Amino acid sequence: MPRGKLPRSFYARPDVVAVARDLLGKVLVTRIGGATTAAVITETEAYMGAVDKASHAYGGKVTPRNKVMYGEAGHAYVYLCYGIHHLFNVVTNAHGVAHAVLVRAVHPLEGLDVMLKRRNMKKLTTGGPGTLTQALGILTAHTGTDLLGDLITIEDRGIAVPRKAIITGPRIGVDYAGEDALLPYRFHFDPSILK
DNA sequence: CAGCAGATTGACT
DNA sequence: GTCAATCTGCTGC
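If you want it as structure tokens, here you go:
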């Protein structure tokens, strides 16, 4: 299995659901504020742009916030939810197609002390879409960041997630999206298999 | 331009 | 179990 930074071609594939599934077990690395933190991606959700009611880009809508989703694959889309939480997405597919993968949970690998300091909590939790970004130091200011640069990258470190360990299910927190909320676009696995 | 609801989290009744 | 925190963007006056 090839290792190192994922190439642009990984993100540019037309099947955003496949990209979401393949991101499981990959390592999200940030080099922000002079500190390096790394964590294994354990949960993702696919958002199908214009045809997905749960997506910010549903109906081909463009706003200052989501315009980066229409850009080149392999860039970060970070946005603020409820005015407080930074959610990290990866832009996929072709330029002009607003598909993206939301990273909902990670498993810490490196920089545990830095994550604890950033979160200012005794116990480190990265099990939610808003908490993992705080632990890794990702802010809305990083939206549009190229994942093939140095600040934020996703690498393959040879971690293999058995197909049978991958759990597929409906996305969370998007009940308002009607039938689209039932689509099996959520993928995750139990990080305990990494030990 | 005021009001509201949302890919959420953590602290408190 | 309930609720506040607080930003973006849509709707309606």
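Residue numbers for the first sequence follow the working numbering, beginning at 82 and rising by one.
Positions of the beta carbon are idealized from the N, C-alpha and C atoms, including for glycine.
The structure displayed is predicted, hence computed values, not measured ones.
Cβ-Cβ distance between residue i and residue j below 8 Å
i: Thr207; j: Pro189; result: yes
i: Gly130; j: Ala179; result: yes
i: Val182; j: Thr125; result: yes
i: His176; j: Gly152; result: yes
i: Lys134; j: Ala258; result: yes
i: Ala127; j: Ala101; result: yes
i: Val187; j: Leu105; result: no
i: Tyr160; j: Thr221; result: yes
i: Gly140; j: Tyr92; result: no
i: Pro251; j: Arg238; result: no
i: Tyr158; j: Thr111; result: no
Neighbour-count burial assignment, residue i, 16 or more Cβ in a 10 Å radius
i: Gly230; result: exposed
i: Asp103; result: buried
i: Leu292; result: Residue 292 cannot be examined here, being either before or after the span of the chain that is shown, 82 to 276.
i: Val121; result: buried
i: Leu275; result: exposed
i: Pro272; result: buried
i: Asn201; result: exposed
i: Ala138; result: buried
i: Asp261; result: buried
i: Lys107; result: buried
i: Pro210; result: buried
Helix, strand or coil at residue i according to DSSP, with G and I counted as helix
i: Glu153; result: coil
i: Leu197; result: helix
i: Asp237; result: strand
i: Tyr163; result: coil
i: Val100; result: helix
i: Ala131; result: helix
i: Phe270; result: coil
i: Lys86; result: strand
i: Arg185; result: strand
i: Leu213; result: helix
i: Asp261; result: helix
i: Gly230; result: coil
i: Thr60; result: Any answer about residue 60 is impossible in this case: the structure gives the chain only from 82 up to 276.
For residue i: DSSP bridge partner residues
i: Ile113; result: Ala116
i: Gly250; result: Arg267
i: Asn170; result: Tyr158, Leu183
i: Ile122; result: Val187
Given 8 Å as the limit, is there contact between the stretch 231 to 244 and the stretch 84 to 99, that is, 3 or more CB pairs closer than that?
-> yes
Taking three-plus beta-carbon pairs below 8 Å as touching, is the stretch 244 to 255 in contact with the stretch 214 to 224?
-> Contact fails between the stretch 244 to 255 and the stretch 214 to 224, because fewer than three Cβ pairs, one in each stretch, are under 8 Å apart.
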